[in-house]
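Below is one structure; the comments refer to it alone.
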Amino acid sequence: MPDKPIEGEKRVFMTGNEVVAWAALVSGADIMYGYPITPQNEIMHYWTRLAPKYGREFLQTEDELSAGFTTIGGVLAGRKAFTATAGPGNTLMQEPMSMAEAMRLPTVVVIQQRGGPSTATVIYSQQEVTMTTLGGNGEGLRIVYSTATHQELFDYTIKAFNTAWKYRFPTFILGDGYQAKMRESLTIYDPASRGIELVEAEPFFGKPGVPGVDRPPTQLRNTYNVEEELYEVLEGYFKDYEKIAPEVAEHEAFDVEDADLVVVSHGVVSRACKAAVKELRQEGIKVGYFRPITLRPLPVDAIRETANKARQFLVVESANGQLARLLKEAAFGCPVEMLSLFKPGVGITAEDVVSRVKEIAG
Amino acid sequence: MSVQPAMPKSWRVDTKPHKFCPGCGHGLVLKALGQAIDELGIQDRAVFGCDIGCSLLAWDFFNVDTIQTHHGRTTPVITGLKRANPNLIGIAYMGDGGGYAIGSQHLVNAASRNEKITVILVNNTQYGMTGGQMAPTTLPGQKTETTPYGRDPEKTGYPTQGPEMVAAITREGAYVARGTVANLRQLKNYLKKALENQMAGNGFSFVEVLSTCPTNWRTNAEETWKMVEQELPKYFKVGEIKVPGQKEGEANG
Ligand SMILES: Cc1ncc(C[n+]2csc(CCOP(=O)(O)OP(=O)(O)O)c2C)c(N)n1
Ligand code: SF4
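In structure tokens:
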């Protein structure tokens with residue numbers, strides 16, 4: 001059985017869902033647990049075709065609650081387990097991921113956002129930002145990468161497995177229906193060929209020896225008897241999260257130094273924003289481009305630095321201000337004025353952004 | 001001087017005495033399970049998963065790797081674990097609410113897929129942890145906090161026959177039995193067989209255990225015992241229901 005799915009590098013033309021399956025494979029993912037929902041189905045379709053060739057496993061569960069909890073079981077057994085979902089499936093996924101958060105389990109979940117609320121459309125949105133970053137009961141101690149291109153879907157899926165197992169917080173790749181279904185070219189590669197070291201998975205359960213005799217038993221719970229007990233555990237988690245946040249946070253920006261207005265967006269929408277900013281610059285309008293890549297933790301320092309320089313932020317998203325809410329909190333106290341272009345559940349073009357900027361500029 | 005009965009070797013001594021109410025059946029089931037683990041010599045590779053409900057009080061009960069998970073979700077957690085490492089012996093331990101109400105679709109689907117795990121479900125005819133509400137297993141006429149005038153089957157149905165359902169939907173290789181804390185020797189035997197069935201890789205193993213909850217039943221020792229020994233078996237037949245290699249109808253208590 002070949003153990004290297006990809007030797008060196010390969011230029012390919014693929015859908016985003018296929019990219020995720022390949023990325024999970026080269027990340028050393030051992031098992032996927034999944035439940036069908038559009039637009040992420042083909043992740044399972046490709047995985048079930050590729051996995052047996054490389055000794056990897058799959059289980060189609062009865063629902064997303066089960067997909068999330070079986071993923072947790074796989075992680076406890078010390079395997080790189082993952083799942084993928086969208087929309088109402090993401091809603092159900094929040095219960096298991098709250099538990100993964102409570103137990104610091106390195107689960108990996110790929111979300112391909114679709115319209116909401118409820119079943120809405122099966123196509124596209126950026127409306128799962130709040131749920132993915134802060135969903136479930138608890139405080140949202142998790143890591144969320146928002147990808148914009150197929151190349152990033154590949155790069156960040158590899159990274160997600162490494163981040164999850166290194167820091168032990170549930171980790172999400174936040175894609176969307178467009179990224180899931182559209183085809184584009186990218187380079188897929190063996191991580192080793194780029195010097196990327198894969199973080200090893202480790203078993204939580206079933207380590208050598210008899211528990212209680214040769215080693216203490218591993219006993220995990222997420223129910224505490226008294227408030228103080230939980231408080232103490234959480235204090236430790238918050239400290240850990242605060243410490244890793246600056247290491248994990250990522251962003252992309254250009255032309256912000258002298259910009260009066262900075263266009264802020266994430267995910268696939270940032271492609272339209274990038275094109276718009278370039279076009280507006282050519283016309284001599286002083287605009288900048290800023291994009292958080294991690295939506296949780298947010299690149300707070302970079303956001304604040306930009307928000308202290310620019311007069312205005314134009315927040316562009318295919319949602320009704322879910323990113324904007326995160327930005328407002330991050331930039332609280334900065335003198336920046338927050339303006340918006342929201343199209344919940346609808347795609348955004350460079351022309352939309354250009355005309356909104358011109359409208360603002362008067 | 002009173003002589004303490006010996007604890008199973010797989011029990012964690014420093015967490016005893018346990019946290020269940022006096023007279024609770026959970027402690028007895030866990031004793032039988034501890035003995036079964038000892039006799040099979042699987043303490044090193046058993047994984048114990050407990051649900052929300054009074055079973056969660058067992059999160060540090062054994063010297064065995066343990067996960068205390070969400071209400072009704074112990075079955076998928078243990079399923080995921082077993083799929084990822086078939087060498088482990090996965091034990092999902094839950095109440096009747098966890099198994100037959102909120103987690104029923106996980107139970108049904110794990111049984112249908114013949115997952116090679118062992119599910120132990122403690123039937124105390126109501127929701128213990130939340131203060132004695134009606135469960136799928138509450139007897140007709142039984143008073144609970146949400147059936148204060150007694151359960152009316154016309155409105156809320158009849159008690160779930162869990163093992164019978166599991167036996168009906170599982171295929172060859174499954175082991176299904178109903179034990180009781182009123183017969184611990186038999187119960188240990190069923191639990192052992194359920195674990196052996198998993199170890200042999202045959203298929204899904206399921207044991208329901210008729211158990212006591214004097215706190216919510218508001219019963220004294222005598223009434224508690226009368227309930228579990230006499231009342232419960234009228235609705236829930238104790239015995240083996242499905243045994244691999246045996247023809248249907250051959251299995252017995
Ligand atoms: C999703 C969810 N809903 C409800 C609860 C509240 N809850 C805690 S324990 C419990 C009932 C447990 O009853 P059972 O499974 O019969 O076990 P027992 O306590 O009787 O042993 C409920 C409803 C919960 N923890 N999670
Ligand atoms: S409430 Fe009932 S089931 Fe729960 S510990 Fe007490 S006696 Fe046992």
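Respectively, the protein sequence lines represent chains A and B. Reading the first sequence from the start, the letters are residues 1 to 362 in the UniProt record's numbering. Reading the second sequence from the start, the letters are residues 1 to 253 in the UniProt record's numbering. For each residue, glycine too, the CB sits at the ideal point set by N, CA and C.
Amino acids of chain B, ordered along the chain, whose beta-carbon sits closer than 7 Å to that of residue i
i      : result
A/Y33  : G80
A/M99  : T69, H70
A/V210 : Q43, D44
A/N222 : Q68
A/D240 : Ordered by position in chain B, no residue passes the 7 Å Cβ test against A/D240, which lies about 21 Å from the chain.
Member of the options whose CA lies at the smallest distance from the CA of residue i
i      : options                        : result
B/N197 : B/Y175, B/A32, B/E223, B/D14   : B/Y175
A/Q40  : A/R114, A/E95, A/Y167, A/M93   : A/R114
A/H45  : A/V19, A/T130, A/T187          : A/V19
A/E242 : A/F154, A/L76, A/P297, A/Y224  : A/P297
A/A29  : A/E250, A/T132, A/L220, A/K4   : A/K4
B/C54  : B/K188, B/N63, B/Q43, B/Y127   : B/Y127
B/T156 : B/K143, B/A194, B/E164         : B/K143
B/T219 : B/G132, B/A84, B/P153          : B/G132
B/L40  : B/D65, B/Q105, B/P8, B/P76     : B/P8
B/N109 : B/L184, B/P76, B/Q230, B/V29   : B/P76
B/D96  : B/A84, B/T74, B/I42            : B/T74
A/G175 : A/S185, A/T147, A/D260, A/R168 : A/T147
A/K80  : A/A160, A/Q60, A/G136, A/L65   : A/A160
A/A330 : A/D301, A/T349, A/I348         : A/D301
B/T170 : B/F236, B/T160, B/N189, B/F206 : B/F206
A/R281 : A/P88, A/G267, A/F254, A/T187  : A/F254
A/E95  : A/I188, A/T70, A/N320          : A/T70
A/E42  : A/T349, A/G195, A/K181         : A/K181
B/I102 : B/D51, B/V119, B/E115, B/I67   : B/D51
Contacts of residue i in chain A (Cβ-Cβ under 9 Å)
i                      : result
B/H106                 : T61, E62, D63, L65, S66, F69
residue 326 of chain B : The requested residue 326 of chain B is not part of the displayed model; chain B covers only 1 to 253.
Neighbour flag for residue i against chain A, beta carbons, 8 Å
i      : result
B/D60  : yes
B/T146 : no
B/V181 : no
B/V77  : yes
B/N109 : yes
B/R171 : no
B/L195 : no
B/L56  : yes
B/R218 : no
B/R185 : no
Residue-level contact to chain B via CB, residue i, 8 Å cutoff
i                      : result
A/T171                 : no
A/I37                  : no
A/N90                  : no
A/E200                 : no
A/I72                  : yes
residue 364 of chain A : No information on residue 364 of chain A is available, as it lies outside the stretch 1 to 362 that chain A covers here.
A/G321                 : no
A/T107                 : no
A/A81                  : yes
A/E95                  : yes
A/D190                 : no
A/L260                 : One point to set straight first is that residue 260 of chain A is Asp, not Leu, in the sequence displayed. Output row for A/D260: interface = no.
Neighbouring residues, chain A, relative to residue i (Cβ below 8 Å)
i      : result
B/A101 : Near B/A101 there are no residues of chain A at all, since even the closest Cβ is about 14 Å away, more than 8 Å.
B/V47  : L76, F205, G206
B/I52  : T223
B/L88  : A77, F205, G206
B/R12  : G212, P217
Partners in chain A for residue i, counting only beta-carbon separations shorter than 7 Å
i      : result
B/V176 : Correct list: empty, because the minimum Cβ distance to chain A is about 20 Å.
Within chain B, the residues that residue i reaches when beta carbons sit closer than 8 Å
i      : result
A/T218 : D65, T66
Proximal residues of chain B, C-beta to C-beta of residue i below 9 Å
i     : result
A/G78 : A84, N85
A/D3  : Here the premise fails: no neighbours, minimum Cβ distance about 18 Å.
A/D30 : A84
Contact test: residue i Cβ vs ligand 4 heavy atom, cutoff 7 Å
i      : result
A/V316 : Ligands present in the displayed structure are limited to ligand 1 and ligand 2, and ligand 4 is not among them.
Worksheet item: If you measure from each residue's Cβ to the nearest non-hydrogen atom of ligand 2, which ones come out under 5 Å, in chain order?
Response: For ligand 2, the selected residues are B/F20, B/C21, B/C24, B/C54, B/G128, B/C213, B/T215.
Practice prompt. Taking only runs that begin and end inside the stretch 230-292 of chain A, name each unbroken beta strand (DSSP E) of 3 or more residues, in chain order.
Written response: Fully contained in the stretch 230-292 of chain A are the following beta strand (DSSP E) runs of length 3 or more, in chain order: 251-254, 261-264, 287-292.
Worksheet item: What are the uninterrupted segments assigned as beta strand (DSSP E) that are 3 or more residues long and contained completely in the stretch 10-66 of chain B, given in chain order?
Response: Whole beta strand (DSSP E) segments, 3+ residues: 46-50.
Worksheet entry | In chain order, each beta strand (DSSP E) run of at least 3 residues that lies wholly inside the stretch 68-134 of chain A | Correct list: 81-85, 108-113.
Worksheet entry | Complete runs of the alpha helix (DSSP H) confined to the stretch 143-184 of chain B [at least 4 residues] | Within the stretch 143-184 of chain B, the complete alpha helix (DSSP H) runs of at least 4 residues are 153-156, 162-169.
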